[in-house]
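Note sheet for the following structure.
Numbering (the working numbering), first residue to last: 171 to 441.
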């Protein structure tokens, strides 16, 4: 098990993980947030949320000096300190939003698929779907490289949509509330691997990683880290991980930030 003063990276999902599924509070996790900040351990938000949403949350969590991964791994924002060394501030993995939207509109017109994406509706509707305020819903609609969908059709048509998207170089990922369309070479796992490699290169030494998540779209992230915390979710989706040493996977008995705290209590030894 790693110690708090070891070279560590922590990647965390937000909704249903660090943030409560119902009220988006992180208060139960605050003691660990304080410990990580005091030890200068990077806490990297890894979420389906947009850059606009994460920027607001980073400020509230006092993480503005940290990198973050947005839109299920399609967007990586690098830490400000790295940008002075010639690194671009944003790394895009996968397709751009305008191309995703165009593919979805074309496929719906051609096959009469029954879905609605954020680009089809108003902020008021997104607020109704998510429980966000309209202001926060507007931030959620500022997409750069992925599109959340609500599917209204049958299973056969859904399989057809998946095949059509694959031919366009796109894929569907299941989130807590939505299906997310993004490029096939994007994902939380790919983003975690890429950013971890950047940290190893910057530090010139190995770095241990911990991942925390509750939903199916977190599985690739949890499989890309050294220590995985599967947080009990408010859903009935299975959360299978590829076989590994049992000591490297911990499944919490509590939800949201309570489970988040439980996971770090399990894996990190205080000096």
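C-beta: ideal position from N, C-alpha, C; glycine also.
Next on the checklist: Taking the beta strand (DSSP E) that residue 266 belongs to, which residues open and close that run?
Outcome noted: Taking the chain shown and counting its residues from 1, the one referred to as residue 266 is at position 96. Run containing residue 266: none; DSSP gives neither H nor E here.
Checklist entry - Name the DSSP beta bridge partners of residue 214, please? => result Within the chain shown, the letter at position 44 stands for residue 214. According to DSSP, which records beta bridges pairwise, residue 214 is partnered with 181.
Checklist entry - For residue 375 versus residue 395, is the C-beta spacing smaller than 8 Å? => result Start at 1 with the first residue of the chain shown, and residue 375 comes out as number 205. Start at 1 with the first residue of the chain shown, and residue 395 comes out as number 225. Not a contact, by the Cβ cut-off of 8 Å.
Checklist entry - If you count every other CB in all the chains shown that lies within 10 Å of the CB of residue 432, and 16 or more means buried, which is it? => result As a working mapping, residue 432 is identified with position 262 in the chain shown. That one is buried.
Next on the checklist: Let's test the definition: count the other Cβ atoms within 10 Å of the Cβ of residue 337 and tell me whether it reaches 16, buried, or not, exposed.
Outcome noted: Within the chain shown, the letter at position 167 stands for residue 337. Under this definition residue 337 is an exposed residue.
Next on the checklist: So, under 8 Å CB-CB, residue 426 and residue 187 are touching, yes? Tell me the CB distance rounded to an integer number of Å.
Outcome noted: Along the chain shown, one-based indexing puts residue 426 at 256. Along the chain shown, one-based indexing puts residue 187 at 17. At roughly 7 Å, the Cβ-Cβ gap stays under 8 Å, so residue 426 and residue 187 are in contact.
Checklist entry - Mapping DSSP to helix, strand and coil, what is residue 391? => result As a position in the chain shown, residue 391 is number 221, starting the count at 1. Note: residue 391 maps to helix in three-state DSSP.
Checklist entry - residue 134 to residue 183, Cα distance in whole Å? => result In the structure as shown, the chain starts at 171 and stops at 441, and residue 134 therefore has no counterpart that could be examined.
Checklist entry - Are the stretch 386-400 and the stretch 188-198 in contact at 8 Å, needing three or more beta carbon pairs? => result The stretch 386-400, when compared against the stretch 188-198, does not touch it at the 8 Å Cβ threshold.
Next on the checklist: If distances are taken between C-alpha atoms only, which option among 377, 373, 370 and 409 comes closest to residue 389?
Outcome noted: In the chain shown, the residue the question calls residue 389 occupies position 219. If we check each option's Cα against that of residue 389, 409 comes out closest.
Next on the checklist: With H, G and I counted as helix, E and B as strand and the rest as coil, what does DSSP make of residue 356?
Outcome noted: For the purposes of this step, residue 356 is identified with residue 186 of the chain shown, where counting begins at 1. In this structure, DSSP gives residue 356 a state outside helix and strand, which the three-state scheme calls coil.
Checklist entry - With burial defined as no fewer than 16 other Cβ atoms inside 10 Å of the residue's Cβ, what is the status of residue 264: buried or exposed? => result Position 94 of the chain shown, counting from 1, holds the residue named residue 264. When all chains shown are included, residue 264 counts as buried.
Item to check | Segment contact flag, the stretch 239-259 with the stretch 306-316, C-beta cutoff 8 Å, min 3 pairs | outcome: Short answer: they touch.
Next on the checklist: Less than 6 Å between C-beta atoms, sequence neighbours within five positions excluded: which residues of the same chain meet that for residue 260?
Outcome noted: To locate residue 260, count along the chain shown from 1; it is residue 90. Within the same chain, residue 260 has close Cβ partners 247.
Next on the checklist: Considering just the uninterrupted stretch of the alpha helix (DSSP H) at residue 346, what are its terminal residues?
Outcome noted: By one-based count along the chain shown, residue 346 stands at place 176. From DSSP, residue 346 is part of no alpha helix (DSSP H); its letter is neither H nor E.
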